[in-house]
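**Q** Quick one: structure below, then a few questions.
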Amino acid sequence: MDGNGRWAESLGQSRQYGHQVGSSRVYEIFKVCTELGCKTATFFAMSSENMNRNETEISFISQLLKSSINEHFSDLVNNKIKFKVIGDLSSLPNKILEIIQHAENETKKFSRYNLNIAYNYGGHWDIINAANLAVLNHKQINYETLCKYLSTSVNYPDLIVRTGGYKRLSNFMLWQAAYSEFQFLDILWPDISKNDIECIFDNYENTQRKFGLVK
Ligand code: FPP
Numbered sequence: 000m001d002g003n004g005r006w007a008e009s010l011g012q013s014r015q016y017g018h019q020v021g022s023s024r025v026y027e028i029f030k031v032c033t034e035l036g037c038k039t040a041t042f043f044a045m046s047s048e049n050m051n052r053n054e055t056e057i058s059f060i061s062q063l064l065k066s067s068i069n070e071h072f073s074d075l076v077n078n079k080i081k082f083k084v085i086g087d088l089s090s091l092p093n094k095i096l097e098i099i100q101h102a103e104n105e106t107k108k109f110s111r112y113n114l115n116i117a118y119n120y121g122g123h124w125d126i127i128n129a130a131n132l133a134v135l136n137h138k139q140i141n142y143e144t145l146c147k148y149l150s151t152s153v154n155y156p157d158l159i160v161r162t163g164g165y166k167r168l169s170n171f172m173l174w175q176a177a178y179s180e181f182q183f184l185d186i187l188w189p190d191i192s193k194n195d196i197e198c199i200f201d202n203y204e205n206t207q208r209k210f211g212l213v214k
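Put into structure tokens, the structure is as follows:
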């Protein structure tokens, strides 16, 4: 979800305003994705590296995480959406952790849709974390034993979309992205529309996925 800061600055507003509007688009865009047949979506809210930004911005985004869970908790339950926050959550205040855990516990029985937020998430962290958990439980690590402990388990993204104009992964799902399709959009995240999502899905559907085979 890149481009909140530039979007706000172009309007003469604060970066915080950009994050606030960006955050308000998450559930709305998730709904559009589900209407188009997508069952699982992960929104990259904070990377491990974003955590080196100033304390005011980090704290503001963590409060947005809390308020968006509170705002959409009943939508998650009513629409049978399994909710999860992935990433290293150890730096979050207990009050926010409790709200996350409550939302995760109350929605863990659902399997129709999955809405994940990646917070203080990095692909490097995910792989190291999985490797540490795997060695505790297995004599030798192989592909299956490592995948089992990744934050997404064995569900890999078919499609990764980055808004904001840059063409890079920025440490997002490095392992899981092995055969993902990529779309990089110039649109700044707060400007993303239903029509943009429809174009993204159309482009995806017109791509032949080969997974290394000859087709
Ligand atoms: C990158 O844009 C965006 C972020 C680091 C934060 C994304 C956060 C949100 C959309 C709000 C939080 C949402 C939830 C649900 C917690 P940038 O600020 O780096 O933009 P720029 O490249 O234009 O400066």
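Numbering that gives the first Met the number 0 puts the first residue of the sequence shown at 0, with every later residue one more than the last.
Just so you know, even glycine gets a beta-carbon here, dropped at the ideal spot from N, CA and C.
1) Confirm the yes/no value for this check: CB of His-71, any heavy atom of the ligand FPP, distance under 6 Å.
2) Which whole-angstrom value is the C-beta distance of Gln-175 and Leu-158, which I expect to be below 8 Å?
3) Where do the ends of the beta strand (DSSP E) carrying Leu-158 lie?
4) Could you name the residues that DSSP lists as bridge partners for Leu-114?
5) In angstroms with no decimal places, state the Cα-to-Cα distance between Ser-73 and Asn-205.
6) Exposed or buried, which one is Ile-127 when buried takes at least 16 other CB atoms within 10 Å?
7) Using DSSP with H/G/I as helix, E/B as strand and the rest coil, what is Ser-46?
8) Quick check on the DSSP output: the beta strand (DSSP E) that includes Gln-182 runs from which residue to which?
9) Helix, strand or coil, according to DSSP, for Tyr-120 in the structure here?
10) State yes or no: is the C-beta of Ala-129 within less than 7 Å of the C-beta of Tyr-148?
11) Under 6 Å: does the beta carbon of Arg-5 sit that close to some heavy atom of the ligand FPP?
12) Closest to Gly-122 by CA distance: which of Ser-9, Ala-177, His-101 is it?
13) For the structure I just gave you, are there three or more beta carbon pairs, one from the segment 134–141 and one from the segment 55–73, closer than 8 Å?
14) Between which two residues does the alpha helix (DSSP H) carrying His-137 extend?
15) Say yes only if the C-beta of Ser-22 is nearer than 6 Å to one or more non-hydrogen atoms of the ligand FPP, and no if none qualify.
16) Indicate the three-state DSSP secondary structure (helix, strand or coil) for Lys-166 in the structure shown.
17) Please report the distance separating the alpha-carbon of Gln-100 from that of Phe-59.
18) Whose CA, out of Asn-119, Ala-102, Val-84, lies closest to the CA of Ile-57?
**A** If we stick to the structure as given:
1) At a threshold of 6 Å, His-71 does not count as near the ligand FPP, since its beta carbon sits no closer than that to any of the ligand's heavy atoms.
2) About 12 Å; that fails the 8 Å criterion.
3) 158–161
4) Ala-40, Phe-82
5) 35 Å
6) exposed
7) strand
8) 180–183
9) strand
10) yes
11) yes
12) It is Ala-177 whose Cα lies nearest to the Cα of Gly-122.
13) no
14) First-last for His-137: undefined, no H or E at that position.
15) Ser-22 Cβ: within cutoff of the ligand FPP.
16) coil
17) 20 Å
18) Asn-119
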